[in-house]
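These notes concern the structure reproduced below.
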Ligand SMILES: NC(=O)c1ccc[n+]([C@@H]2O[C@H](COP(=O)([O-])OP(=O)(O)OC[C@H]3O[C@@H](n4cnc5c(N)ncnc54)[C@H](OP(=O)(O)O)[C@@H]3O)[C@@H](O)[C@H]2O)c1
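In the working numbering, the protein residues as written are 28 to 305.
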């Protein structure tokens, strides 16, 4: 039997829009590694079966996107520190006949905030809007940066409270509804981590959450990031970004886990901005 060619894939539903194949192809070119990277839509076979079939065909690394990050963590034989904390995995590595999970969303976001936007997080007030999978993935890493406080604001309070309880550190955390935001003061960093923008639904955000020099980042990119980024700009906020930076940085961390080299993300980020018209 011919040896199986190691290959990589992003699994999700949907995945047609995913920029991951393009990002990993660019990283591979830059590092001199021939990368075979597929898009696998799980809608026909389901997540577990798609992943099993992928491994059988020579799959050695997978990126996991919505809505499978929790199931991915559950299917892994072992989990890295961030994946354990978040209870979700966005990167899988096939080793010794089993999947091992990591979560690079938090590290990717931190690198984007610090290196691309030049914000140091020590003693900052952070507002995390949303308490779903994306918020769960990035919150543990944010909490370990020396921030002064993080407010988790979500449409439904029980989900925000559940995330707060999962994270521990009650002295640094506060959970509230979106309606309570006018009483929360201003923030140095505001992260929009809901999926409301996918449905063109603007969030009811008060101008009072913006400070003089707040950095506003929507974890989404493309059309889904528009309602929040347009709102922030309309409030004369000058530091506004979408989630493309986080996407490229979390992909670079996954690439490093698989291939042992961390690529330079700046040229890939710049190229995507132009080619994907983001
Ligand atoms: N840049 C990146 O690399 C990256 C990585 C991961 C995720 N993301 C993006 O982040 C977004 C959230 O993903 P997820 O996995 O957290 O989804 P999820 O688990 O389904 O959670 C959705 C979140 O959005 C909130 N929400 C949805 N519609 C809303 C509305 N109309 N008004 C207010 N809140 C609303 C939900 O509030 P309730 O709890 O009240 O329902 C919940 O907090 C997605 O759009 C995803 O594409 C980006």
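Beta carbons: idealized from backbone N, C-alpha and C, even for Gly.
Under the three-state reduction of DSSP, which class applies to residue i: helix, strand or coil?
i, result
"residue 123", "coil"
"residue 338", "Nothing can be reported for residue 338, as the shown portion of the chain is limited to 28 through 305."
"residue 58", "helix"
"residue 165", "helix"
"residue 305", "coil"
"residue 160", "helix"
"residue 91", "strand"
"residue 237", "strand"
"residue 72", "coil"
"residue 221", "coil"
"residue 147", "coil"
"residue 133", "helix"
"residue 100", "helix"
"residue 47", "helix"
"residue 192", "helix"
"residue 232", "coil"
"residue 53", "helix"
"residue 171", "coil"
"residue 197", "coil"
Would you list the residues sitting across from residue i in a DSSP beta bridge?
i, result
"residue 34", "86"
"residue 128", "106 and 119"
"residue 216", "153 and 242"
"residue 176", "152"
"residue 202", "179"
"residue 66", "37"
Please determine whether the Cβ atom of residue i lies at a distance below 8 Å from any heavy atom of ligand 3.
i, result
"residue 69", "Although ligand 3 was asked about, the structure shown includes only ligand 1 as ligands."
Checklist entry - Three or more beta-carbon pairs under 8 Å between the segment 78-98 and the segment 120-127, yes or no? => result yes
Next on the checklist: Would the segment 271-285 count as touching the segment 48-57 if we require 3 or more Cβ pairs under 8 Å?
Outcome noted: Counting Cβ pairs under 8 Å, three or more are found: they touch.
Checklist entry - Residue ranges of each alpha helix (DSSP H) run of no fewer than 4 residues wholly in the segment 243-295, ordered along the chain? => result 253-261 and 271-286
Checklist entry - Is it true that the segment 228-247 meets the segment 194-214, where meeting means three or more beta-carbon pairs spaced less than 8 Å apart? => result As far as the Cβ criterion goes, the segment 228-247 touches the segment 194-214, which means the pair count is three or higher.
Next on the checklist: Below 8 Å, how does it come out for the segment 164-171 and the segment 129-145: are there three or more Cβ pairs, yes or no?
Outcome noted: Contact holds: three or more Cβ-Cβ distances are below 8 Å.
Checklist entry - Do three or more CB pairs link the segment 63-70 to the segment 32-41 at distances below 8 Å? => result Using a Cβ-Cβ distance cut-off of 8 Å, the segment 63-70 and the segment 32-41 are in contact, since at least three pairs of beta carbons, one from each stretch, lie closer than that value.
Next on the checklist: Count Cβ pairs between the segment 110-117 and the segment 251-258 that sit closer than 8 Å; are there 3 or more?
Outcome noted: no
Checklist entry - With a cut-off of 8 Å, do at least 3 Cβ pairs link the segment 189-206 to the segment 238-248? => result no
Item to check | Meets three-Cβ-pair contact criterion under 8 Å: the segment 291-299 and the segment 263-275 | outcome: yes
Next on the checklist: Within 8 Å, do at least three Cβ pairs link the segment 139-148 to the segment 186-193?
Outcome noted: Taking a contact to require three or more Cβ pairs closer than 8 Å, the segment 186-193 and the segment 139-148 do not qualify as touching.
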